[in-house]
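This report refers to the structure that appears directly beneath it.
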Amino acid sequence: MRATATTGRSVPLSGIREVGPALVLIAAGVGCWVVTANRMDGMDMGPGTDLGGLGWFVGVWATMMAAMMLPSLVPMGATYARAESARGSGAGRSSGATVAFAAGYLLPWVAAGLVAYALIEGARSVDPGFLAWDEAGPYVAGGVIAGAALYELTTVKAACLRHCRDPRLLVERWRPGRLGALWAGIEHGGFCVGCCWALMAALFALGVMSIGWMVLIAAVIAIEKLLPRISLASLGIVGVLAVLAGSVAFASDHVPGLTIPHSPEGMRAKDAMGMDQRMSDKPAEKEARR
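Here it is, written out as structure tokens:
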């Protein structure tokens, strides 16, 4: 116990040890937002955004997930640090375990990104003409967002969200050492994917390279995970998603922040994306010439 100078009240050292891991997660999240905003500047092609090469996409997706998810992971990270502290770990070891927990947490999200990449690129290789924006594209995008709204009301969503919100369930999965922290993070990340995959699908439907839509989805996820009482907020989220779905399907030209494919903004983003891919392909081309 450590006494404060002003009140004389004692503060548990475990509480002090939680500050370091929390600051690490916040700093990592902020840094990834800066990198993501810089990397994606001018690349928003709207719904159906070209995902680029696999290696490029994985790097961008992992950074995106760290930016969007790590800030709302802070309470659980602090909980894991508290569990480490309660078992006699030092502050440095507690912070290291929390970093391992966060790294494990991101792995299921990387796997989810690979699944999304395979599905989208597989559909693009078939080249279904009906998905064009001047045909059924707006209705498909709106349908994906409406599906995210409906998923909010399911028991699976509720069960996964409970694991994302209840620290006691995380403490029950505590394991000793950094390898144990990594595995606990993977388990927690799996529940988070189960909770939020539909919201991420909505992000793809709106434009996965859009910083504005990323901020909106990240805010929705933070509200669900951090607000003390979620029932009323969940109904509000369902309402927002439903309105957004209808607007994208039937009035996409009037949705603020939505880049319409093949619009001047979308074409400029496509050109920027193509140039970025050519830059990333140059080292491979040089190696092939050798």
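Counting along the sequence shown from 1, when you hit position 114 you're at 182 in this note's numbering, and nothing is skipped either side.
Just so you know, even glycine gets a beta-carbon here, dropped at the ideal spot from N, CA and C.
Computed from a predicted structure; not experimentally measured.
Between which residues of its own chain and residue i is the CB-CB distance below 6 angstroms, once the five residues before and five after are set aside?
{"i": "GLY37", "result": "Nothing about residue 37 can be reported from this structure: the residues present for the chain run from 69 to 358 only."}
{"i": "ALA165", "result": "GLU152, ARG246 and ALA249"}
{"i": "LEU138", "result": "LEU93, ALA96 and GLY97"}
{"i": "MET277", "result": "MET108, MET111, ASP112 and THR117"}
{"i": "ILE285", "result": "LEU267 and LEU271"}
{"i": "GLY325", "result": "GLY280"}
Which two residues bound the contiguous alpha helix (DSSP H) that contains residue i?
{"i": "PRO115", "result": "Element bounds for PRO115: n/a, residue is neither H nor E."}
{"i": "ILE298", "result": "No alpha helix (DSSP H) contains ILE298, which DSSP labels as neither H nor E."}
{"i": "HIS231", "result": "223-233"}
Could you check what DSSP says for residue i in three-state terms: helix, strand or coil?
{"i": "ALA269", "result": "helix"}
{"i": "HIS322", "result": "helix"}
{"i": "MET277", "result": "coil"}
{"i": "HIS330", "result": "coil"}
{"i": "MET108", "result": "coil"}
{"i": "GLY120", "result": "coil"}
{"i": "PRO244", "result": "coil"}
To which residues of the same chain is residue i closer than 8 angstroms at the C-beta, ignoring the five residues directly before and after it?
{"i": "HIS256", "result": "MET144, PHE169, GLY172, TYR173, HIS231, CYS232, LEU238 and ARG241"}
{"i": "ALA180", "result": "VAL261, TRP265 and MET268"}
{"i": "GLU220", "result": "ALA266, SER302, ILE305, VAL306 and LEU309"}
{"i": "PRO176", "result": "ILE254, GLY257, GLY258, CYS260 and VAL261"}
{"i": "VAL328", "result": "Reading off the sequence shown, one finds Ile at residue 328, where the question assumed Val. GLY114, TRP201, SER320, ASP321 and GLY334, listed in sequence order."}
{"i": "GLY197", "result": "GLU203"}
{"i": "TRP251", "result": "GLY172 and ARG243"}
{"i": "PRO235", "result": "PRO143, MET144 and THR147"}
For residue i, collect the residues of the same chain with a Cβ closer than 7 angstroms to its Cβ; drop the 5 residues on either side in sequence, then sort them by chain order.
{"i": "ILE298", "result": "GLU292"}
{"i": "VAL212", "result": "ALA269, ALA270 and ALA273"}
{"i": "ALA217", "result": "VAL306, LEU309, ALA310 and ALA313"}
{"i": "PRO206", "result": "VAL316, ALA317 and SER320"}
{"i": "VAL323", "result": "SER315 and VAL316"}
{"i": "TYR185", "result": "LEU119, LEU122 and PHE125"}
{"i": "VAL208", "result": "LEU199"}
{"i": "HIS330", "result": "TRP201"}
{"i": "VAL128", "result": "ARG107"}
request  = Just list the alpha helix (DSSP H) runs in the stretch 134-220, keeping only unbroken ones of 4 residues or longer that don't cross its boundaries, in chain order.
outcome  = Those alpha helix (DSSP H) runs which fall completely within the stretch 134-220 and span 4+ residues are 159-194 and 205-219.
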